[in-house]
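**Student:** Encoded as structure tokens, here's the structure I'll be asking about.
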Amino acid sequence: MLSTTLFGGFGLSTAAAEGNFSPAQKKEVVELKQNGLTDKQVQEYINIAEKDKKFFAKEAKQKAANDIANLKKLKNSQQNFVAGAKASEGEYVKLNDPEYKDILSDSKSTDSKATISTLATKSPLGTKGDVLVSYEINSGSSAIGVGHSAIVSRDYTRTVESFAQSWSPIGKNGVQYYQNTWKGRSKVYGLWVKGASNTKYYNAAGYAQSKIGSSYNWNFFNKFSTSSFYCSQLAWRSWEQQGINIDYVTWDTVVSPAELVKSGNTTIFYSN
0 MLSTTLFGGF GLSTAAAEGN FSPAQKKEVV ELKQNGLTDK QVQEYINIAE
50 KDKKFFAKEA KQKAANDIAN LKKLKNSQQN FVAGAKASEG EYVKLNDPEY
100 KDILSDSKST DSKATISTLA TKSPLGTKGD VLVSYEINSG SSAIGVGHSA
150 IVSRDYTRTV ESFAQSWSPI GKNGVQYYQN TWKGRSKVYG LWVKGASNTK
200 YYNAAGYAQS KIGSSYNWNF FNKFSTSSFY CSQLAWRSWE QQGINIDYVT
250 WDTVVSPAEL VKSGNTTIFY SN
């Protein structure tokens with residue numbers, strides 16, 4: 000039985016807690032407070048999650064449709080990636096990579112989901128350095144938060160992800176390798192980083208891999224830690240190390256999965 004203090008302390012009555020929080024959410028509140036977050040920070044975390052949920056419900060879907068349509072237009076016209084050009088000369092160096100052929104196949108439909116051909120479930124999505132975002136309300140990494148993030152390793156069959164041990168699919172704390180089974184999952188975005196060279200993609204993946212074994216960062220309000228990481232912080236830091244900030248609000252101390260999607264420095268190449 001949860002104590003009244005754990006919920007009432009940040010403005011939620013016992014009745015509200017019982018009526019509006021699932022057992023998993025109550026568990027997460029306990030964990031957040033046990034790991035040092037104040038009542039005010041927990042409430043702010045909940046507020047961020049609600050805002051992100053609204054973004055994923057509407058704006059993100061429109062952004063996905065627009066981004067994918069623009070990528071297909073570029074691919075078909077060769078406007079930004081002409082034959083024989085150096086990869087660094089294009090804004091999207093992976094545009095003509097064969098690994099993305101099915102994802103960016105031509106289609107007359109404007110529905111972003113129609114850009115995905117019949118794709119095998121539980122198969123790899125993306126290549127080195129790509130950022131992957133799940134926008135499940137309960138993503139598996141959090142019951143309150145909306146979304147989860149990963150970065151594709153240099154071996155595209157694996158991702159680098161950070162979970163709290165209690166939420167990890169493999170029961171391990173912090174930054175670990177996971178099988179890349181993102182293609183075919185529901186509610187997923189694949190992100191490219193605008194203007195990034197193949198070298199930067201390689202190095203971003205390498206940075207994430209260098210953090211394998213780092214502990215989970217429970218302080219979502221400290222994205223600047225380099226010794227512990229939460230999921231979207233790891234993806235952000237991996238690219239920040241390459242000189243590209245993929246956070247939407249660059250000046251604050253939080254980076255959520257939604258902010259990676261919102262960023263002006265990322266483009267959605269996959270939506271499901």
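The opening residue of the sequence shown carries number 0 in numbering that gives the first Met the number 0; numbering runs sequentially from there.
Built from N, CA and C at the ideal position, the CB exists for glycine as well.
Predicted model only: the values in this text are computed from it and were never measured.
(1) Where residue 195 and residue 93 are concerned, what is the direct C-alpha to C-alpha distance, given to the nearest angstrom?
(2) Anyone know if the C-beta pair for residue 131 and residue 156 falls short of 8 Å?
(3) Quick check on residue 150: does DSSP put it in helix, strand or coil?
(4) Considering just the uninterrupted stretch of the alpha helix (DSSP H) at residue 131, what are its terminal residues?
(5) Please report the residue range of the beta strand (DSSP E) in which residue 286 lies.
(6) Quickly, what does DSSP pair residue 176 with across the bridge? List them, please.
(7) For chain C, find out if any of its Cβ atoms is closer than 8 Å to the Cβ of residue 266; answer yes or no.
(8) Do residue 210 and residue 190 have their C-beta atoms closer together than 8 Å?
(9) May I ask you to verify whether the segment 62-71 touches the segment 254-269, counting CB pairs closer than 8 Å and requiring at least 3?
(10) Check this for me: beta carbons of residue 213 and residue 231, under 8 Å apart or not?
(11) Once DSSP output is grouped into helix, strand and coil, what is the label at residue 325?
(12) Measure the beta-carbon distance from residue 124 to residue 269 and round it to whole angstroms, keeping in mind my assumption that it falls under 8 Å.
(13) Residues in its own chain within less than 6 Å of residue 142 by CB, not counting five upstream and five downstream?
(14) Closest to residue 45 by CA distance: which of 220, 271, 243 and 150 is it?
(15) Considering Cα atoms alone, identify which of 160, 144 and 57 is closest to residue 21.
(16) Where does residue 173 land, buried or exposed, given buried means 16+ other C-beta within 10 angstroms?
(17) Can you grab the Cα-Cα spacing for the pair residue 257 / residue 76, in whole Å?
(18) Enumerate in chain order the residues of its own chain whose CB-to-CB distance from residue 150 is below 6 Å, with the five nearest sequence positions on each side excluded.
(19) Alpha carbons only, please: which of 153, 246 and 217 is nearest the one belonging to residue 205?
(20) In chain order, which alpha helix (DSSP H) runs of at least 4 residues are fully inside the segment 237-263?
(21) Who are residue 70's beta bridge partners in DSSP?
(22) I need the straight-line Cα distance from residue 215 to residue 171, nearest angstrom please.
(23) How far does the alpha helix (DSSP H) with residue 125 in it extend, from its first residue to its last?
(24) Quick one: what's got a C-beta closer than 8 Å to residue 265's C-beta in the same chain, skipping five residues either side?
**Tutor:** Taking the structure as given:
(1) Going by the C-alpha atoms only, they are around 10 Å apart.
(2) no
(3) If DSSP states are grouped into helix, strand and coil, residue 150 belongs with the strands.
(4) First-last for residue 131: 130-133, but that is the beta strand (DSSP E), not the alpha helix (DSSP H).
(5) Nothing about residue 286 can be read from this structure; the chain reaches only from 0 to 271.
(6) 159
(7) The structure shown contains no chain C, having only a single protein chain.
(8) No.
(9) yes
(10) No; because the gap between Cβ atoms is not below 8 Å, this pair is not in contact.
(11) Lying before the first or after the last residue shown, residue 325 is absent from the chain, which here runs from 0 to 271.
(12) 6 Å
(13) Excluding sequence neighbours, residue 142 sits near 23, 24 and 27.
(14) 220
(15) 144
(16) buried
(17) 30 Å
(18) 130, 159, 207, 234 and 237
(19) 153
(20) 256-261
(21) None; residue 70 has no bridge partner.
(22) Answer to the nearest angstrom: the Cα atoms are 10 Å apart.
(23) It is not in any alpha helix (DSSP H) - residue 125 carries neither H nor E in the DSSP assignment.
(24) 130, 190, 191, 192, 193, 245 and 259
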